[in-house]
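To start, the structure under review is shown below, and the notes come after it.
Residue numbers (mature numbering (1 follows the signal peptide of the UniProt record, and there is no 0)): -21 to -1, 1 to 134.
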């Protein structure tokens, strides 16, 4: 009986590093390559998917970018009727005209994807082009259909 107990203890100790490595890693700090863009990105932002609100500012949603100990996080929602856009995740890198986001974006538009929700998950890039006042998701092609989704985060 004692042999089994000692064997079990030894096995537990031997497997302990494996259990530790399987734990989720803490969020890494956001890499900031441009301090001005970093300041512009933080705070309350307007959020828009063109299928929900195009030129009507009152139809736009809201996103909040917060700095938690050097790591930027974004969370936001736009909705109109049953249609919606949500964004939730971490900002990995901020450059002068773009940022890299890791997280989840979900869209639901009655006329797209048979009215079902469509999810994007992983690393994505938002970029300012020309002199625009917003960052636009660069992976515009819907993963759930043939539509092009313009997902914008405004300064």
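Don't be surprised by glycine CBs; every beta carbon is placed ideally from N, CA and C.
Item to check | Residues near residue 131 by beta carbon distance below 6 Å, same chain, minus five either side | outcome: Answer for residue 131: 27, 113, 115, listed in chain order.
Checklist entry - CB residue 91 to CB residue 121, shorter than 8 Å? => result Between residue 91 and residue 121, the gap from beta carbon to beta carbon is short of 8 Å.
Next on the checklist: For residue 119, tell me which candidate among 68, 97, 34, 109 has the shortest Cα-Cα distance.
Outcome noted: Nearest C-alpha to residue 119: 97.
Checklist entry - For the stretch 10 to 69, which segments carrying the beta strand (DSSP E) assignment without a break, of at least 3 residues, lie completely within its bounds, in sequence order? => result For the stretch 10 to 69, whole beta strand (DSSP E) runs of length 3 or above, ordered along the chain, are 22 to 28, 40 to 47, 50 to 59.
Next on the checklist: Considering only heavy atoms of the ligand GDP, does any lie closer than 7 Å to the CB of residue 10?
Outcome noted: Inclusion of the ligand GDP in the displayed structure is not the case, the ligand content being empty and no account of it being possible.
Item to check | Rounded C-alpha distance that separates residue 77 from residue 94 | outcome: Here the alpha carbon of residue 77 sits roughly 31 Å from the alpha carbon of residue 94.
Checklist entry - Comparing alpha-carbon positions, which option in 101, 63, 55, 56 lies nearest residue 71? => result Cα-wise, what sits closest to residue 71 is 101.
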